[in-house]
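Undergrad: Residue numbering for the sequence shown follows the numbering used here, starting at 2 and increasing by one per position. Ideal Cβ placement from N, Cα and C applies to all residues, glycine included.
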Amino acid sequence: MSNFSRFSRRKFLITAGASAASSVFLKGCLGNPPETANVPAADAVNAADISPEQMPETSTAKLGYIPIVESAPLVIAKEKGFFAKYGMTDVEVSKQANWASARDNVTIGSEGGGIDGGQWQMPMPHLISEGIITNGRKVPMYVLAQLNTQGNGIAIAGIHKGKGLQLDISNAADYIKGFEASQGRKFKAAHTFPNVNQDFWIRYWFAAGGVDPDRDIDLLAVPPAETVQGMRNGSMDAFSTGDPWPYRIVADDIGHMAALTHQIWKFHPEEYLAMRADWVDKNPKATKALLKGLMEAQQWCDKPENRAELVQICAGRNYFNIPVAVLTPPYEGKYEMGDGQQAFNDIKAGPLYWKDDLGNVSYPYKSHDLWFLTESMRWGFHRDRLTDIDTAKKIIDAVNREDLWKEAAKEAGFDADIPTSTSRGVEKFFDGKEFDPENPEAYLNSLAIKKV
Ligand code: CA
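1. Taking just the CA atoms, how far does Ala287 sit from Pro331?
2. Please list the terminal residues of the continuous alpha helix (DSSP H) segment that includes Glu227.
3. Around ligand 1, which residues pass a check of Cβ closer than 7 Å to any of its heavy atoms?
4. Is Leu295 closer than 8 Å to Leu311 when the C-beta atoms are compared?
5. Give me, in chain order, the residues of the same chain whose beta-carbon lies closer than 6 Å to that of Arg204; leave out the 5 immediate sequence neighbours on both sides.
6. Output yes or no for whether 8 Å exceeds the beta carbon distance between Ala1 and Pro365.
7. Who are Ile157's beta bridge partners in DSSP?
8. Determine the direct distance from the alpha carbon of Ile67 to that of Gly113, and round the result to whole angstroms.
9. Consult DSSP for Ala344 and reduce its assignment to one of helix, strand or coil.
10. Could you check how far apart the C-beta atoms of Val107 and Ile134 are, in whole angstroms? I think they sit under 8 Å.
11. If you draw a straight line from the C-alpha of Asp80 to the C-alpha of Ala239, how long is it?
12. Please report the residue range of the beta strand (DSSP E) in which Ser72 lies.
13. Buried or exposed: which applies to Asp253, given that a residue is buried once 16 or more other Cβ atoms fall within 10 Å of its Cβ?
14. Within the chosen definition, does the region 218–235 reach the region 184–200 through at least 3 CB pairs nearer than 8 Å?
15. Do Asn346 and Gly243 have their beta-carbon atoms positioned less than 8 Å apart in this structure?
16. Within the same chain, show all residues whose beta-carbon is closer than 6 Å to that of Lys328, passing over the 5 residues directly before and after it, in chain order.
17. What do you get for Thr375, buried or exposed, if any count of 16 or more other CB atoms within 10 angstroms of its CB means buried?
18. So, under 8 Å CB-CB, Gly65 and Gln120 are touching, yes? Tell me the CB distance rounded to an integer number of Å.
19. Below 8 Å on the Cβ atoms is my guess for Trp372 versus Glu428; work out the distance and round it to an integer in Å.
20. So the candidates are Arg379, Ala417, Asn136, Gly88; which of them puts its Cα closest to the Cα of Ser52?
21. Closest Cβ-Cβ distance between Gly110 and chain E: below 8 Å?
22. Taking Gly339 as the reference, which of Pro247, Gln230, Arg233, Lys96 has the closest Cα?
23. When the distance is taken between beta carbons, is Thr193 closer than 8 Å to Pro141?
24. Is the CB-CB distance between Phe268 and Leu359 below 8 Å?
25. Please return the same chain residues whose Cβ sits closer than 7 Å to the Cβ of Lys63, not counting the five positions on each side in sequence.
26. Return helix, strand or coil for Gly118, following the three-state DSSP convention.
27. What do you reckon, are the CB atoms on Ile77 and Ala298 nearer than 8 Å?
28. Measure the alpha-carbon distance for Lys283 versus Pro441 and round it to whole angstroms.
29. When you compare each of Ala309, Tyr320, Thr150 to Ala326 by their alpha carbons, which one comes out closest?
30. DSSP three-state label for Gln97, please.
31. From Phe430 to Glu54, what distance separates their C-alpha atoms?
32. Please list the segments of the alpha helix (DSSP H) lying wholly inside the region 182–211, counting only runs of 4 or more residues, in order along the chain.
33. Which residue marks the beginning of the beta strand (DSSP E) containing Asn61, and which one marks its end?
34. Once DSSP output is grouped into helix, strand and coil, what is the label at Gly339?
35. In angstroms, rounded to a whole number, what distance separates the CA positions of Ala182 and Glu227?
Next up, the structure:
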């Protein structure tokens, strides 16, 4: 039985059961009222597993997502019944047109026709909480879990083939900086939303090679389709992007991949589940039910034997609406890099959802939030609000709810996967730099290109 019909049937049985208790008509027609013993075993177990103390306050939540690999565990939790298993039978997973729409929709909230939370680049939840990207309107949010690591990269337009625009661009820095003199315009690079992950990844990569992203090039937010069109017609040079775009860059002969984020920072923090604080405060059990469903989905997503089904579901018309052939390679860890570089064939180079070589992926480490806010300070973002590391830590303590993640993991029996610290420890980047969460100032001091 398909999931859809299984849940429809379950709903029907619940409805039928409720009306049967008071309906003489039904009883008369059918002879006997429906008995729970007739419910298929899997459905009965699902419903019975929830103890009264863990019964969610509501069965619904509206979660926004962007059709990229980061959202896969939300889609899978919905489609494979992991949310429903924990009593969240009516979760709506709602496609957002872009990051600005997601931000606007969470500011409105589901009661106003928006969303309760969903998928975010970092540190959007912190910026929304502080009113920094919402015209001063503070909408407190909680970060609940990390959705994934990796699955992003930096693409380069075909006209730059053979110029050394690969992982380390030290030898290509003069070429990039001299572009304005030779071409009459600056080297132009795009991401999808300012001051968040994809902006950070491309800034880090440029700066590590000696290119100042604020002075030497033009770096701006552009919709993906427009960026790709620009890369084809020669008006756009680089694109900080997420799967499945990197695959298309090479497959469609648009250009090459300079780097996977896996190369820039192995098992780096990527996108997160965060929700409005008022929703979580009102529905703490439902929040944990969502988390439990998400965790099971993340475990499911990481199993190589499930990847083909994952692709089938996510590529579908209701979700990413892209060919299966485009979404398959990143889930096999297969990346054609182009420009004479060796291809990747390593499932650990692509998106991972539950475990990587450094530990748990789903747990939202506060030390990762701190990197995002430290990096924001590096580039002088939100200068008037984000003035020092202590302020950053205060914001993180208000937004990061790793405590709820741990409670949910315990209730679900994933005790062995619960990290023992809110810090993952010292982080290492491809250029030899290190971020020690105990000493973010030392990291800032070690960087040659910065705005602080
Ligand atoms: Ca991303």
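TA: Working from what's here:
1. 32 Å
2. 225–234
3. Ile69, Glu71, Gln122, Gly152, Asn153, Asn198, Gln199, Gly243, Glu271, Glu272
4. no
5. Pro214
6. This structure gives no information on residue 1, because the portion of the chain shown stretches from 2 to 453.
7. Ala239, His257
8. 20 Å
9. coil
10. Not a contact, Cβ separation roughly 11 Å.
11. Inspection of the sequence shows that residue 80 is occupied by Glu rather than by Asp. The straight-line gap from Cα to Cα measures roughly 35 Å.
12. No beta strand (DSSP E) contains Ser72, which DSSP labels as neither H nor E.
13. exposed
14. yes
15. no
16. Correcting the residue identity first, residue 328 is Leu in this sequence and not Lys. So the qualifying residues of the chain are Pro245, Val312, Ala316.
17. buried
18. 6 Å
19. 7 Å
20. Gly88
21. Protein chain content of the structure displayed is limited to a single chain, and chain E is not contained in it.
22. Pro247
23. no
24. yes
25. Glu93, Ser95, Ser111, Ile116, Asp117
26. strand
27. yes
28. 35 Å
29. Ala309
30. coil
31. 44 Å
32. 198–209
33. In the sequence as displayed, the identity of residue 61 is Thr instead of Asn. From DSSP, the beta strand (DSSP E) with Thr61 extends over 61–66.
34. coil
35. 25 Å
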